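To start, the structure under review is shown below, and the notes come after it.
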Amino acid sequence: MDFFLQSLLGLAMDRSWTDTTTDMNIMSVACDLCAIFDHFPPSNEVRQQNIFWHQVRSIMSTITNLIGQATLQGLSPIRPPILQYLSCHAAAMEAHGFNQADLPVINAETAETTFHAIVMAPVNKWWSDAAALEQDPDAMKWEYMLNLHRDDALWCIIKGIYQQSCGQEVPSQSPSRILHSLSNGIERALSDVKQAIGSIQADIKKTSAALASLLSNGPGSELDTLI
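Residue numbers for the sequence shown follow the numbering used here, beginning at -4 and rising by one.
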């Protein structure tokens, strides 16, 4: 069963509309990340920096899982440079700091206006007031949510994929947790496949060694027994 958003232009456009909507969400996140790092607290504001990094990790986890799920659906989601850069360097940046000039840039004003106007709800620009964020007792519990403007159709798609892959109803969880569960399920499946391949390879090696040993002894009772 295919899980695609319903396009207003008809069934034939469902796949394209899902691809486009996914790309818009990804691009919107890329714009937000650029804005977040533009407002990143100085190194002497340790708690504020910890909060910002917590938010960035949550955003990256959700959007990376969304990209992975879209790829498994046969789509080709965009991968903005800022996402690729953070995937490779975020851990080092958090541990050792970073130079703002090293980060990829986006024409965030134009992109934000375009993508948020089409599919995204108005953004809570928490990064613009780090002092207020520091006073939030739940700041370190914050979790990124896919934030669609008109409805929760993309979220329904994610729930449908989860139910089909897990064979059970969706628990009361946020989209990011469902995406994380799907990602873990994929990783477990890949691990099981690798183990099965390893077991088969071991059996083949063992059988080949036994046959080689029998054949090296020439025709005899052991070979006759095998035949």
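Glycine included, C-beta positions come from ideal geometry on N, C-alpha and C. Here the structure is a predicted model, which means the values were calculated and not measured.
Quiz item: What is the DSSP secondary structure of glutamate 40, counted as helix, strand or coil?
Solution: coil
Quiz item: Between the segment 130 to 139 and the segment 41 to 57, do three or more beta carbon pairs fall short of 8 angstroms?
Solution: yes
Practice problem: Taking 9 angstroms as the cut-off, decide whether the C-beta atoms of leucine 78 and alanine 25 are in contact. | Solution: yes
Self-check item: Alpha-carbon to alpha-carbon, glutamate 40 and glycine 92
Solution: 13 angstroms
Practice problem: From the DSSP output, in three-state form, read off histidine 34 for me. | Solution: coil
Quiz item: Just checking my contact of leucine 128 with glutamine 190 at CB under 8 angstroms: how many whole Å lie between their CB atoms?
Solution: Their Cβ separation, rounded to whole angstroms, is 44 angstroms, which puts leucine 128 and glutamine 190 out of contact at 8 angstroms.
Quiz item: For leucine 206, is the classification buried or exposed, using 16 other Cβ atoms within 10 angstroms of its Cβ as the cut-off for buried?
Solution: exposed
Quiz item: threonine 202: buried (16+ other C-beta within 10 angstroms of its C-beta) or exposed?
Solution: exposed
Practice problem: Could you tell me which uninterrupted alpha helix (DSSP H) segments, each at least 4 residues in length, are contained entirely in the segment 66 to 91, listed from first to last along the chain? | Solution: 76 to 91
Practice problem: Report the rounded CA-to-CA distance for aspartate 97 versus asparagine 60, giving the unit in angstroms. | Solution: 25 angstroms
Quiz prompt | Assigned secondary structure, tryptophan 12 (DSSP; H/G/I helix, E/B strand, else coil) | solution = helix
Self-check item: Where the alpha helix (DSSP H) containing leucine 128 begins and where it ends
Solution: 125 to 129
Quiz item: For aspartate 14, which residues of its own chain have a beta-carbon under 6 angstroms away from its beta-carbon, when the five flanking residues on both sides are left out?
Solution: Leu70
Quiz item: Does DSSP classify asparagine 60 as helix, strand or coil?
Solution: helix
Quiz item: Looking at C-alpha atoms only, which residue of Met135, Pro76 and Gln64 is the closest neighbour of threonine 17?
Solution: Gln64
Exercise. Please classify serine 208: is it buried, with 16 or more other beta-carbons within 10 angstroms of its beta-carbon, or exposed?
Key: exposed
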